[in-house]
Amino acid sequence: MKKVSIALLVIIALSSITANVLLVQRYSSQRALMHVGSKTISVKEYRDQLDSEHGKAILTKMAYTLLIRNAAGKAGAAPTEAEITARVEDMKRRTPNLVETAYSAPENMKRFRDDLATNMSLENLAIKDVTATEPEVRDFYTKNKHMFALPAQNRTSLVIARSQIDASTAASLLREKNMSLAVIAKQPRLSVVGHRGYQPDWDTVPPDMQDKLAKIIARTPLHGVVTVPVGDVFFVARVEERGSAGIQPFERVRPIAERLVRIEKAPSRQIVLGRLYRNGNVSFEMSRYATFFRDIQSFSETVPPEAAKQPAQEAASATPRGAQSAVRLTSR
């Protein structure tokens, strides 16, 4: 019996040692992440580099988002999903280039909406005690009509080809009546934008070439097909639908104009964020990360306090204790 007990203890001990070794190998920052020839990149080297190059941007955004969302929730200033959707739709009409990437994939749209919710929360906190009169709103609209202009928008079917011959094939297919994009997408060396989630890497297309592509498409007749060489690929586009450009009437954009007037009269968003940081009970378990927040810490000490409020209002705008920081400082 004694021998059996000893044997069991040995087995348990060996199992424990093996498990600990595996855990060390899995979680140790010194373990190899990858090998390049005879060289090794460790987890620690990768994390240190990531921290050095992107750590500040990531951590400050996380911290400021928490500060803003917590305060907005406490003050009843958080935007609803419907309000976020309305803002996205307005941006899609007025500045489609800003939301194009967001529509390329579900995860991009989620990130876009999350960032938009944070920025709208910060705006709402800034304007919550600010009002605008009807004459102020109308005057702002009259003086800033360009802000309410809708660009001419083109809905296109876009095919990417890798050679002039393939581009000619794509153009011929697009000119065929009732040709399905799914059929075109099955052709060798042709990729249809939006089909099965495909999107070109717009980051590799220089801004001047993107502008050239947009201008050529804008000049193309409705249902016309055009081929534009961009670098080592060819963009083949068919214009499916065209929206008219122009200034939106006051009645349609009045809520937007009123909000812009209130934002113009309100404390800047930097000041609001400075107050949130000062009152947010921010602390650090690892002191080296405090240097990331040196600027906002210094700025928060210079921000004047809010004007005196009634106790009920004061309680509504307080930041909950223990909030830790979230979006980089934004300018108006």
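Going letter by letter, the sequence shown gives residues -6 to 325 in the numbering used here.
Glycine residues also receive a C-beta, built at the ideal position from the N, C-alpha and C atoms.
Within 8 Å (strictly less), CB to CB, does residue 200 reach chain B?
-> In summary, chain B is missing from the structure at hand, where a single protein chain is found.
Label residue 24 either buried or exposed according to how many other C-beta atoms from any shown protein chain fall within 10 Å of its C-beta, with 16 as the threshold for buried.
-> It is exposed - the Cβ of residue 24 has fewer than 16 other Cβ atoms within 10 Å.
Nearest neighbour of residue 266, chosen from 43, 184, 59 and 135 [CA to CA] | Closest by alpha carbon: 59.
From the DSSP output, in three-state form, read off residue 182 for me.
-> The answer is coil: DSSP assigns residue 182 none of H, G, I, E or B.
Can you grab the Cα-Cα spacing for the pair residue 104 / residue 185, in whole Å?
-> A direct Cα-Cα distance of roughly 25 Å separates residue 104 from residue 185.
Within 8 Å, strictly: CB atoms of residue 228 and residue 153 | Yes, these two residues count as a Cβ contact at 8 Å.
Answer with buried or exposed for residue 273, where buried requires no fewer than 16 other C-beta atoms within 10 angstroms of its C-beta.
-> With a threshold of 16 other beta carbon atoms within 10 Å, residue 273 meets it and is buried.
Can you tell me which of 67, 125 and 56 puts its alpha carbon nearest to the alpha carbon of residue 259?
-> For the residues 67, 125 and 56, the minimum Cα distance to residue 259 belongs to 125.
Thinking C-alpha only, which one of 37, 176, 133 and 27 is nearest residue 253?
-> Between residue 253 and the set 37, 176, 133 and 27, the nearest pair of CA atoms involves 133.
Do you know whose CA, among 37, 136, 268 and 151, lies nearest residue 119's CA?
-> Closest option to residue 119, Cα to Cα, is 268.
By the 10 Å Cβ neighbour count, where 16 or more other Cβ atoms means buried, how is residue 113 classified, buried or exposed?
-> When all chains shown are included, residue 113 counts as buried.
Relative to the alpha-carbon of residue 238, which residue among 136, 165 and 89 has its alpha-carbon at the smallest distance?
-> Of 136, 165 and 89, the residue nearest in Cα terms is 89.
For the beta strand (DSSP E) holding residue 35, just list the boundary residues, first then last.
-> Residue 35 -> beta strand (DSSP E) spans 32 to 35.
Simplified DSSP state of residue 215, which is helix, strand or coil | Secondary structure of residue 215 (DSSP, three-state): coil.
Leaving aside the five residues before and after residue 141 along the sequence, list all residues of the same chain whose C-beta is less than 8 Å from its C-beta, in chain order.
-> Result list for residue 141: 87, 134, 240, 241, 246, 249 and 250, in chain order.
Cβ neighbour criterion (16 or more within 10 Å) applied to residue 128 | Under this definition residue 128 is an exposed residue.
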